[in-house]
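Asker: Let me give you the structure first, and then I'll get to my questions.
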Amino acid sequence: QQGGSTASTPEATQGAQAAVNFVNNSLGGIGGHPLALRSCFVTSAEEEGQKCGQQLEADSSVSVVAFGSVAVGNQSFERVVNGKKPLVIGVSGNPADTSAQNTYILYGDQVHILEPFGTYLNQKLHAKTAAMIYPNEAGLSSGAAATKKGLEKAGVKVKSVGYDPNATDMLGPLTAAGAQSADVVFPFPDTPQCAAIAKSLTQIGNRKPVVSQPLCLDPKVAAALGDLPKWTYGIASVNPTDASAPDARTYTAVAARNGLGAGTQNPWAEVAWGSILEIAKFMNTAGVDKISADSINAQLKGFKGPLILGAPNINCGQFSDAPAVCNNQILFYTYEGKGVFKKAAGWTKPPSG
-3 QQGGSTASTP EATQGAQAAV NFVNNSLGGI GGHPLALRSC FVTSAEEEGQ KCGQQLEADS
57 SVSVVAFGSV AVGNQSFERV VNGKKPLVIG VSGNPADTSA QNTYILYGDQ VHILEPFGTY
117 LNQKLHAKTA AMIYPNEAGL SSGAAATKKG LEKAGVKVKS VGYDPNATDM LGPLTAAGAQ
177 SADVVFPFPD TPQCAAIAKS LTQIGNRKPV VSQPLCLDPK VAAALGDLPK WTYGIASVNP
237 TDASAPDART YTAVAARNGL GAGTQNPWAE VAWGSILEIA KFMNTAGVDK ISADSINAQL
297 KGFKGPLILG APNINCGQFS DAPAVCNNQI LFYTYEGKGV FKKAAGWTKP PSG
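Our numbering puts the first residue of the sequence shown at -3, with every later residue one more than the last.
See below:
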């Protein structure tokens, strides 16, 4: 299932389909049988999640459901399916996912993989203040709130300002957030807003470190600016745009050969690719004649990693208040220009307390 408030990230479905193509073209399918992807889309309405839930729950050929970049319709979908089929999510953008029955958020949810930014700002940048801006839209505003909480846990004072997601001039929000005086600037945009923020930061002559989540690593941003913004990015998977990393190179080459193309550099495509390959592994382990919701669910409950392109160790169910969450670690990379990334920090967890 793919969706969100703006339906601006089709790369998740594209990444999933490329993984299916790879399984069928190079890995012999599932016990010699082709793996198939059934898709349903949520664009902007909660009730669309209910429709997708009814469609996929009733389809007897579907033994497991995977979410793409779904921020709207999650709760109604999960209410319909009600744990009858396991739900695998790469990265969750909706708090409802974290307690849904038989749900596994492999790469982490907003709270657990955004709070580590606080650890990074405190331990690596020794920041005392941060200026944060974010779009007022589902998934992004809640993500910014989770990040702010992590920064404040680490002792960083945050001034946070929301903006209209259709705005093209970011000078106002940056100024209101105190970007000129803060120790760190922290934009939390959706991909279409990245170029405008980078241009506005250049316009005000920013010399402070800029730290962000990975949505600005999309090739469309580089196309608009001539290169990616020279920021530090936190990401719950291996950076897909880091050409120096062997696992990233392997992923981009193989995924591109299987139909993903430039989308390999989109983080949503990457975690969808990883999620589908994990599901295929569980299916092959069960055996083609024993694939069922129960056999897949049993393997997911005991899954400790390593996670494809993700953390070396995970633990689904480790958080009593968010039993669906499997991971709370992210990596940090600083972009130096012309395709060169430098790892800024290894796998980092949220601040204590």
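The C-beta atom is built at its ideal place from N, Cα and C for all residues, glycine as well. Every value quoted in this text rests on a predicted model; they were computed, and no experiment measured them.
In terms of alpha-carbon separation, which member of V68, A32 and L31 lies closest to G49?
Answerer: Checking every option, the nearest Cα to that of G49 belongs to V68.
Asker: Bridge partners for H29 per DSSP, in chain order?
Answerer: H29 pairs with I26.
Asker: Would you mind listing the beta strand (DSSP E) stretches within the stretch 167 to 241 that are 3+ residues and don't spill past its ends, in chain order?
Answerer: Listed in chain order, the complete beta strand (DSSP E) runs (minimum 3 residues) inside the stretch 167 to 241 are 180 to 183 and 228 to 231.
Asker: Going by DSSP in three states, L83 sits in which element: helix, strand or coil?
Answerer: It is a strand residue.
Asker: Report yes or no: do the stretch 108 to 117 and the stretch 74 to 84 share at least 3 C-beta pairs separated by less than 8 Å?
Answerer: Flag = no, the stretch 108 to 117 and the stretch 74 to 84 do not touch.
Asker: I need the straight-line Cα distance from F337 to Y329, nearest angstrom please.
Answerer: Each residue's Cα considered, the two are about 6 Å apart.
Asker: According to DSSP, is A289 helix, strand or coil?
Answerer: Correct three-state label for A289: helix.
Asker: Give a yes or no on whether the C-beta atoms belonging to I287 and S59 are separated by under 8 Å.
Answerer: Cβ atoms of I287 and S59: closer than 8 Å.
Asker: Among the candidates F73, A41 and A340, whose CA atom is the shortest distance from the CA of A54?
Answerer: The shortest Cα separation from A54 among F73, A41 and A340 belongs to F73.
Asker: Looking at the strands, I want to know which residues DSSP matches up with L327.
Answerer: For L327, which the question treats as bridged, DSSP gives the partners I231.
Asker: Going by DSSP, what residues sit across from D105 in a beta bridge?
Answerer: D105 pairs with S88.
Asker: T260 by DSSP, collapsed to three states: which one?
Answerer: T260 falls in the helix class under three-state DSSP.
Asker: Would you mind giving the Cβ-Cβ distance between V66 and V38, rounded to the nearest angstrom? I have them listed as a contact below 8 Å.
Answerer: Contact holds; Cβ gap of about 6 Å.
Asker: Can you tell me where the alpha helix (DSSP H) holding V76 begins and where it ends?
Answerer: Element bounds for V76: N70 to V77.
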